[in-house]
Amino acid sequence: MSSLSYSAEIDLANGVSSATDHELVMAIGQGDEAAFQEIVHRYRNQIINFIYRMLNDYDRATDLSQETFLRIYTSAHKYQATYSFSTYIYRIAANLAISELRQRKRRRWVSFLLPFRSHDDTEQEMEFPDQAPLPDEIMIDAERRKAVSIAIQSLPEKYRLTLVLRDVEGLSYEEITEITSLSEGTVKSRINRGRNLLRDKLQKYI
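For what it's worth, our numbering labels the leading residue of the sequence shown as 1, then goes sequentially.
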């Protein structure tokens, strides 16, 4: 038994909530369902949010987040703690999101310039307000959030990915280079280009 798996067993004995991500994945590889549920609990919301920002489709984001965790579960026995777990899971989610975007582009299913629409084809906000009338300042803020969401969707894929990872998810340049396998210089260049394109699209809100 490796030292890492041994330490995982010790810490998990004190409760999965106190275990590190690496320890949890090692335990998942040994069939520990509680460890898997803890990983899902820790990362579900941020992975859904990340994929949603990439696709602008909440239902699909939920589906792909489930696929992300399924891949974590099925490959846990092969997991190696070379990078942080957050880098590992974001790389899986990013690959799934990019694959979805490319399929959409090939099949021409959607236009990235359109806002998110529900099944009955009505426009939806990223954060749903209640039914009571909103103060003017809140309505303006909601319109700004919607405009940012739409503008992000209109960015080319390569700029969208790096921009969302940096400015929405708050990851470091080093983490983004590990997720995308790009050089740090390329990552910074794409982020800057994405920000400039986004700024141009949002001029009336600035």
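Ideal Cβ placement from N, Cα and C applies to all residues, glycine included.
- If you draw a straight line from the Cα of Glu67 to the Cα of Ile92, it is about 9 Å long.
- Per DSSP, Val40 is one residue of the alpha helix (DSSP H) stretching across 33–55.
- Linking Lys158 to Glu175 through their CA atoms gives a straight-line distance of about 16 Å.
- Residue range 58–74 is occupied by the alpha helix (DSSP H) that includes Glu67.
- Closest by C-alpha distance to Gly194, out of Val164, Gln203, Val25, is Val164.
- Counted as a single uninterrupted DSSP element, the alpha helix (DSSP H) harbouring Ser189 occupies residues 184–201.
- A straight line joining the alpha-carbon of Asp200 with that of Ile98 spans about 24 Å.
- Taking the Cα positions, Gln30 is about 26 Å away from Ile179.
- Here Tyr90 carries a helix assignment [DSSP, helix/strand/coil].
- When C-alpha distances from Asp21 are compared across Leu101, Gly185, Ala61, Tyr79, the shortest belongs to Tyr79.
- Of the residues Val25, Ile48, Gln46, the one whose Cα lies closest to the Cα of Gln37 is Val25.
- The continuous alpha helix (DSSP H) containing His22 extends over residues 21–29.
- Going by DSSP, Lys158 is part of the alpha helix (DSSP H) stretching over 157–163.
- In the same chain as Val40, and ignoring 5 residues on each side of it, the C-beta atoms closer than 7 Å to its own belong to Phe69, in chain order.
- With respect to the C-alpha of Ile48, the residue from Ile89, Ser84, Ser181, Lys105 having the closest C-alpha is Ile89.
- Between the alpha carbons of Leu155 and Ala94 lies a gap of roughly 16 Å.
- For Gln103, the three-state secondary structure derived from DSSP is helix.
- Residue environment: Gln103 is assigned as exposed (fewer than 16 neighbouring CB atoms within 10 Å of its CB, all protein chains considered).
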